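Reviewing the structure listed below.
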Amino acid sequence: MQSDGSFLGDMVVEAANWRGRAPQARHEILTSAVHRRYISGWMRPADAGFVAVDAGGNEMGAAWYRMLPRSDPGFGFVETAVPELIIGVQPIWRAHGVGRTLLRRLVLHAHEQGHRRLSLSVEHDNFARNLYRSEGFVTTVQSEGRDTMVHRLS
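Those letters in the sequence shown? Residues 19 to 172, by the working numbering.
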């Protein structure tokens, strides 16, 4: 997964532009501090993630987590000991189970690594909220336009 940093950048762009209308330019997303924290310096010792590929070896999506510091929190920051999950799927592969498969694999891995919780942030109108709820994530903080959700792993 160390070599997947470039693809993770692609997936940050997909996650930021999930609506598909009036997308923000790739360079704007990847140079903004709010998004750069999710890929900058990939792969640090506490980072983990998975990339889904199709039968031809083409990348379909990725799910990963990072431990972010209180001084540079992500959208779904809970506390320094809770990894924040990021997930992105190529538009053509959405609603085909790729995101759910990646999410389940990353949750299992986090549990195997001894983490007790995972967090994420999702915008209120993002259809992925239903996926997260169905996989055990619960809303812990509601803010304007987005929720922080947490999954207890123990």
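Just so you know, even glycine gets a beta-carbon here, dropped at the ideal spot from N, CA and C.
The structure displayed is predicted, hence computed values, not measured ones.
A straight-line Cα-Cα distance of about 30 Å links Thr-98 and Met-78. Taking the CA atoms as reference points, Val-156 sits about 21 Å from Ala-113. No Cβ-Cβ contact shorter than 9 Å links Gly-106 with Val-140. Residue pairing for Asp-165: DSSP places it in a beta bridge opposite Val-140 and Gln-160.
Per DSSP, the continuous beta strand (DSSP E) segment holding Gly-106 begins and ends at 102–107. When the five nearest sequence neighbours on each side are left out, the beta carbons in the same chain lying within less than 7 Å of the beta carbon of His-129 are those of Leu-171, in order along the chain.
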